[in-house]
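There are 2 protein chains.
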Amino acid sequence: MPGDSLAHCLLLEFCDGLSAAAARALLAAFPDSDTCLAAGPRAWRAAGLPPAACSALAARRRRGPGREERAALERSRRVGASALPFGNAGYPALLRAISDPPPWLYLRGDPALLAGPQLAVVGSRRASALGRRATRELAGDLAQAGLTVTSGLALGIDGCAHRGALDAGGDTVAVMATGIDQVYPRRHRDLAAAIVERGCLVTELPPGAGPRRSHFPRRNRLISGLSLGTLVIEAALPSGTLLTASAAAAQGRDVFAVPWSRFHPGGRGCLQLLRDGAGLVESAADVLLALGWPGLLPPGLLKTGGAAESAAAPGAALSAPARRLLGALDAGERAPDRPALDLGESVEWVLTAAGELELAGLADRGAGGYRRLR
Amino acid sequence: MPGDSLAHCLLLEFCDGLSAAAARALLAAFPDSDTCLAAGPRAWRAAGLPPAACSALAARRRRGPGREERAALERSRRVGASALPFGNAGYPALLRAISDPPPWLYLRGDPALLAGPQLAVVGSRRASALGRRATRELAGDLAQAGLTVTSGLALGIDGCAHRGALDAGGDTVAVMATGIDQVYPRRHRDLAAAIVERGCLVTELPPGAGPRRSHFPRRNRLISGLSLGTLVIEAALPSGTLLTASAAAAQGRDVFAVPWSRFHPGGRGCLQLLRDGAGLVESAADVLLALGWPGLLPPGLLKTGGAAESAAAPGAALSAPARRLLGALDAGERAPDRPALDLGESVEWVLTAAGELELAGLADRGAGGYRRLR
Numbered sequence: 017m018p019g020d021s022l023a024h025c026l027l028l029e030f031c032d033g034l035s036a037a038a039a040r041a042l043l044a045a046f047p048d049s050d051t052c053l054a055a056g057p058r059a060w061r062a063a064g065l066p067p068a069a070c071s072a073l074a075a076r077r078r079r080g081p082g083r084e085e086r087a088a089l090e091r092s093r094r095v096g097a098s099a100l101p102f103g104n105a106g107y108p109a110l111l112r113a114i115s116d117p118p119p120w121l122y123l124r125g126d127p128a129l130l131a132g133p134q135l136a137v138v139g140s141r142r143a144s145a146l147g148r149r150a151t152r153e154l155a156g157d158l159a160q161a162g163l164t165v166t167s168g169l170a171l172g173i174d175g176c177a178h179r180g181a182l183d184a185g186g187d188t189v190a191v192m193a194t195g196i197d198q199v200y201p202r203r204h205r206d207l208a209a210a211i212v213e214r215g216c217l218v219t220e221l222p223p224g225a226g227p228r229r230s231h232f233p234r235r236n237r238l239i240s241g242l243s244l245g246t247l248v249i250e251a252a253l254p255s256g257t258l259l260t261a262s263a264a265a266a267q268g269r270d271v272f273a274v275p276w277s278r279f280h281p282g283g284r285g286c287l288q289l290l291r292d293g294a295g296l297v298e299s300a301a302d303v304l305l306a307l308g309w310p311g312l313l314p315p316g317l318l319k320t321g322g323a324a325e326s327a328a329a330p331g332a333a334l335s336a337p338a339r340r341l342l343g344a345l346d347a348g349e350r351a352p353d354r355p356a357l358d359l360g361e362s363v364e365w366v367l368t369a370a371g372e373l374e375l376a377g378l379a380d381r382g383a384g385g386y387r388r389l390r
Numbered sequence: 017m018p019g020d021s022l023a024h025c026l027l028l029e030f031c032d033g034l035s036a037a038a039a040r041a042l043l044a045a046f047p048d049s050d051t052c053l054a055a056g057p058r059a060w061r062a063a064g065l066p067p068a069a070c071s072a073l074a075a076r077r078r079r080g081p082g083r084e085e086r087a088a089l090e091r092s093r094r095v096g097a098s099a100l101p102f103g104n105a106g107y108p109a110l111l112r113a114i115s116d117p118p119p120w121l122y123l124r125g126d127p128a129l130l131a132g133p134q135l136a137v138v139g140s141r142r143a144s145a146l147g148r149r150a151t152r153e154l155a156g157d158l159a160q161a162g163l164t165v166t167s168g169l170a171l172g173i174d175g176c177a178h179r180g181a182l183d184a185g186g187d188t189v190a191v192m193a194t195g196i197d198q199v200y201p202r203r204h205r206d207l208a209a210a211i212v213e214r215g216c217l218v219t220e221l222p223p224g225a226g227p228r229r230s231h232f233p234r235r236n237r238l239i240s241g242l243s244l245g246t247l248v249i250e251a252a253l254p255s256g257t258l259l260t261a262s263a264a265a266a267q268g269r270d271v272f273a274v275p276w277s278r279f280h281p282g283g284r285g286c287l288q289l290l291r292d293g294a295g296l297v298e299s300a301a302d303v304l305l306a307l308g309w310p311g312l313l314p315p316g317l318l319k320t321g322g323a324a325e326s327a328a329a330p331g332a333a334l335s336a337p338a339r340r341l342l343g344a345l346d347a348g349e350r351a352p353d354r355p356a357l358d359l360g361e362s363v364e365w366v367l368t369a370a371g372e373l374e375l376a377g378l379a380d381r382g383a384g385g386y387r388r389l390r
């Protein structure tokens, strides 16, 4: 039937001898999967499909679906799943940009979320109480700011990320390490149902696929690949979560991490990421500012700490020297030795006071000297 | 008497009309304070001393010490203090490099520590139990590695830093915000006595000076100015400790901070420093490696976590793909698509596995591809 992407994707999924790369190339050559499959061997070959794959595909078209394919279609239909082929306009642009995007995605829920701006929020399955709290708070704030929170439906941090987004009335995407008709872990059945209702469940694995060890790293690359950046909330050393961060970095996406004390073993992985240059995330504002997302900063968020905290306290609690220097900076940029002369203080005095103003976000060190910012 | 720097510095200290800059220039022009004061007005003028200051100094030399000066000398002698003039070879080279070094330092204890390598370890007076513990551990490890721990003798983190160094059998320098004969806070009398015995107490303030608000920022610039870098253990927002960090940055020295969870108000200042680019310090090894101090790494330190942790776990707990890729990297550098062909895996697979190897410190991304490190 026209537009039945699900049947088309399953046809290609169960067609032996068709690699993921070949399937992508084939789907990308036609406006939709309907046209693609109707086109026939000559057009497929023109699209670059190898002769063997053309023959296999033609044979399958003649023969009709096999038992496995029919079972998979039945499984998908039972849960109301649909499919999003690579060539489709709704296929997520960020995912298309990774080095081996899936030739199709199976999904349940709102496919529009996949094409919108997402932030991956991930972490350990063994989450601490504070880790869970940080996750719910940050995921809630990020979701309220308009970012879809994408995670892996796992126990621990992942589950809290989805819940945090949903509880805040925001959007969430769960990338599964199973087929679209399987929920793993079982304990997250209700969560998965809520995500189908108000978010989106997605997987590249064929219907019926169970959770296998090898699925997790592949799933992780989709979590980071769908997202503008990946925020790691809690991760020990070593940790599978760090592989998601590593995939994000390899995909050219931002990596963020929540800081923890050196006494918290569950935070060691985050500290390693921070040491390696990940953006430090104390509040959602840190992520939003780093992504250049200030338009979506909810009014209250600037006051909840983090990067924006100093911005919320304009000059309050400054030392007397800093306030004096701020006054001297009113007239524009000054070299470090100019206010020194004006104020009758040493250059060191000025540097110390200016340092305080910098920390408070009230002054900025430029090439020519210090500049008042606000 | 020859070599009595203390008397000479006090003479200059109480000579009206002699600025700190003029006193520095004067002392720098002669091999020692003895020669300097004996030289007389003509030589002083040749050294650039303004005429008014020359006359004041000559008058003081004729008249002998005033009451204040005699009292200060008496105070200093009573506690066995000495003085280190700017021109002296023992004057700390790093302190000489700041923009307004004190023309002399008053000190008790071992002056050689002032010329040796120091790390400032500072933080809040209101320290948490974990902050105190982190301070004692880090200061102890840094001191054992051969760095003198320099701090401000204050309650809280400062006191723990001095104690941690002493308890580890290491060296410590306390920079006071009072005269050399005054101990502030009183509660740290025993600590100050221990530092006189096994470390060094130092101040730029004249004998008898009490703790005044304005002394603290000036003292802080000496703490950072004496040190290769400044490590902030715990600091709220706002915090005077951040001004020490700011002074360190203005002096071109490294700034380090210990990470804390976003739920710890006493750690907010540290998170702000980390966000602004301070080096993250989980263990002493992080500081030592950043300062290029690996020769002094005690054998056990590499195993206590932090930057060096991954180095201590050579390939243990790697995933199967990472182990396989590590094998493929044995023959030297490989472009990302080369092992992909050799191993029959996708480029994404390789990037993920390589990311794991990078995180474990076993492989490195170069211009031409990945390289096995160990």
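Chains as they are written, first to last, in my numbering: chain A, 17 to 390; chain B, 17 to 390.
Where is the CB? At the ideal position from N, CA and C, for every residue including glycine.
{"Query": "Pairwise C-alpha distance: residue 229 of chain A and residue 339 of chain B", "Result": "15 Å"}
{"Query": "Where the alpha helix (DSSP H) through residue 232 of chain B begins and ends", "Result": "231–242"}
{"Query": "Meets three-Cβ-pair contact criterion under 8 Å: the segment 197–212 of chain A and the segment 159–167 of chain A", "Result": "no"}
{"Query": "Reference residue 16 of chain A; option with closest CA among A:122, A:299, A:250", "Result": "Beyond the ends of chain A as shown, which are 17 and 390, falls residue 16 of chain A; an answer cannot be given."}
{"Query": "Anticipated Cβ contact below 8 Å, residue 218 of chain B with residue 245 of chain B, distance rounded", "Result": "About 18 Å separates the two Cβ atoms, so there is no contact after all."}
{"Query": "Enclosing alpha helix (DSSP H) for residue 158 of chain B [first to last residue]", "Result": "145–160"}
{"Query": "Extent of the continuous alpha helix (DSSP H) to which residue 176 of chain B belongs", "Result": "173–183"}
{"Query": "Residues of its chain near residue 241 of chain B, where Cβ-Cβ distance is below 6 Å and the 5 sequence neighbours each way are ignored", "Result": "111, 114, 267"}
{"Query": "Simplified DSSP state of residue 388 of chain B, which is helix, strand or coil", "Result": "strand"}
{"Query": "DSSP state of residue 123 of chain A mapped onto helix, strand, coil", "Result": "strand"}
{"Query": "Residue 87 of chain A CB to nearest heavy atom of the ligand GTP below 8 Å", "Result": "This structure lacks the ligand GTP, and indeed carries no ligand of any kind."}
{"Query": "Option nearest residue 159 of chain B by Cα separation, candidates B:299, B:378, B:81, B:334", "Result": "B:299"}
{"Query": "Cβ-Cβ separation, residue 58 of chain B to residue 67 of chain B (assumed contact under 8 Å), whole Å", "Result": "Rounded, the Cβ-Cβ distance is 11 Å, inconsistent with contact."}
{"Query": "9 Å Cβ cutoff met for residue 190 of chain B and residue 215 of chain B", "Result": "yes"}
{"Query": "Chain A within 9 Å of residue 161 of chain B, Cβ atoms only", "Result": "no"}
{"Query": "CB of residue 96 of chain A within 9 Å of CB of residue 142 of chain A, strictly", "Result": "no"}
{"Query": "Minimum C-alpha distance to residue 174 of chain A - residue among A:226, A:198, A:137", "Result": "A:137"}
{"Query": "Proximity winner among A:197, A:263, A:278, A:304, relative to residue 117 of chain A (alpha-carbon distances)", "Result": "A:263"}
{"Query": "Positions along the segment 201–235 of chain A whose CB lies within less than 9 Å of some CB in chain B", "Result": "229, 230, 233, 234"}
{"Query": "Stretch pair the segment 219–227 of chain A + the segment 182–199 of chain A: three plus CB contacts closer than 8 Å", "Result": "yes"}
{"Query": "Cβ-based neighbour list, residue 203 of chain B, same chain, cut-off 8 Å, excluding 5 preceding and 5 following", "Result": "171"}
{"Query": "Simplified DSSP state of residue 247 of chain A, which is helix, strand or coil", "Result": "strand"}
{"Query": "Ranges of the alpha helix (DSSP H) found wholly within the segment 245–303 of chain B, counting only runs of at least 4", "Result": "256–266, 284–291"}
{"Query": "Extent of the continuous alpha helix (DSSP H) to which residue 41 of chain B belongs", "Result": "36–44"}
{"Query": "Test item: CB-CB of residue 64 of chain B and residue 39 of chain B under 9 Å", "Result": "no"}
{"Query": "Residue nearest to residue 153 of chain A in terms of C-alpha spacing, selected from A:185, A:78, A:132", "Result": "A:185"}
{"Query": "CB contact check: residue 309 of chain B to chain A, cutoff 9 Å", "Result": "no"}
{"Query": "Nearest-angstrom Cβ-Cβ length linking residue 285 of chain B and residue 255 of chain B, presumed shorter than 8 Å", "Result": "5 Å"}
{"Query": "Chain-ordered chain A contacts of residue 118 of chain B [CB-CB under 7 Å]", "Result": "Ordered by position in chain A, no residue passes the 7 Å Cβ test against residue 118 of chain B, which lies about 11 Å from the chain."}
{"Query": "Per DSSP, the bridge partner or partners of residue 134 of chain A", "Result": "A:164"}
{"Query": "Straight-line gap, residue 281 of chain B to residue 239 of chain A (C-alpha atoms, nearest Å)", "Result": "32 Å"}
{"Query": "Neighbour flag for residue 388 of chain B against chain A, beta carbons, 9 Å", "Result": "no"}
{"Query": "Cβ neighbour criterion (16 or more within 10 Å) applied to residue 54 of chain B", "Result": "exposed"}
{"Query": "Extent of the continuous alpha helix (DSSP H) run through residue 51 of chain B", "Result": "49–55"}
{"Query": "8 Å contact criterion, which residue 151 of chain B and residue 249 of chain B should meet: CB distance rounded", "Result": "5 Å"}
{"Query": "Residue closest to residue 139 of chain A, alpha-carbon to alpha-carbon, out of A:291, A:309, A:78, A:274", "Result": "A:274"}
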